[in-house]
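Whatever position you read off the sequence shown (first residue = 1), add 93 for my numbering.
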Amino acid sequence: MYAAIGRQEHDKLKALVRDQLGTVGSSNHFVDLFEEVGTGRLWIWNHFGSRGFGHKTASGFINYENRDSFHSTVHGAGRIMSRTQAAGKMNWKTRTRSGGQISTEQMMQAVRDFGVELRGAGTDESPFVYRNLQEVLDAHAETIEVLHVLRPIGVCMAGANEFDPYKD
Numbered sequence: 094m095y096a097a098i099g100r101q102e103h104d105k106l107k108a109l110v111r112d113q114l115g116t117v118g119s120s121n122h123f124v125d126l127f128e129e130v131g132t133g134r135l136w137i138w139n140h141f142g143s144r145g146f147g148h149k150t151a152s153g154f155i156n157y158e159n160r161d162s163f164h165s166t167v168h169g170a171g172r173i174m175s176r177t178q179a180a181g182k183m184n185w186k187t188r189t190r191s192g193g194q195i196s197t198e199q200m201m202q203a204v205r206d207f208g209v210e211l212r213g214a215g216t217d218e219s220p221f222v223y224r225n226l227q228e229v230l231d232a233h234a235e236t237i238e239v240l241h242v243l244r245p246i247g248v249c250m251a252g253a254n255e256f257d258p259y260k261d
């Protein structure tokens, strides 16, 4: 594989990783804590997204002869509202946001009602913008087997006004 992508591409990816190391990014990049229902076990889940490197790496593998080696199912519950619909439009020059259907107060109340500790995040990732997870799982029942039921207890994301220089 290394010979196929070449030293120059390898070095570019290596520099990108070095610059991103230790960063989470913005938008839907997160670290979540879950409690497994029934056992009380703690699960940690992170999603740092493609942030350039992940996307380029995955695309490279997919485009190099092994499309058949990747197996996937639903990713998340699916959005029912775009980021702009939920949070409004951000003006990075003035660092102000306008419009948006979800208020910070609505989101924080919902998160408290779920019993989740939230650090960071913006209304573009609020619980109101996604389909009900159980409905999504039911729709894909023939392609998945649920092995563990997890209840979110903590979420850490970049703040609503964080700028991610690596955003795709």
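C-beta atoms are modelled at their ideal positions from N, C-alpha and C, and glycine is treated no differently.
- Each residue's CA atom was taken as its position, placing Thr-189 and Asp-217 some 15 Å apart.
- Here Val-239 is exposed, its C-beta having fewer than 16 other C-beta atoms within 10 Å.
- The DSSP-derived three-state label of Arg-205 is helix.
- In the same chain as Arg-134, and ignoring 5 residues on each side of it, the C-beta atoms closer than 8 Å to its own belong to Glu-128, in chain order.
- Between Thr-187 and the set Gly-208, Asn-254, Lys-105, Val-110, the nearest pair of CA atoms involves Asn-254.
- Ser-219 is classed as buried because its beta carbon has at least 16 other beta carbons within 10 Å across all chains shown.
- By the neighbour-count criterion, in which a residue is buried when 16 or more other Cβ atoms sit within 10 angstroms of its Cβ, His-241 is exposed.
- Taking all protein chains in view, the Cβ of Ala-251 is crowded by 16 or more other Cβ atoms within 10 Å, so the residue is classified as buried.
- Contact between Gly-213 and Cys-249 holds, with the beta-carbon distance rounding to 6 Å and staying under 8 Å.
- Assignment of Lys-149 by DSSP, reduced to helix, strand and coil, places it in the helix class.
- Gly-247 has Leu-126, Glu-210 as its beta-bridge partners, per DSSP.
- Nearest to Glu-198 by C-alpha distance, out of Met-183, Trp-185, Ala-179, Leu-230, is Ala-179.
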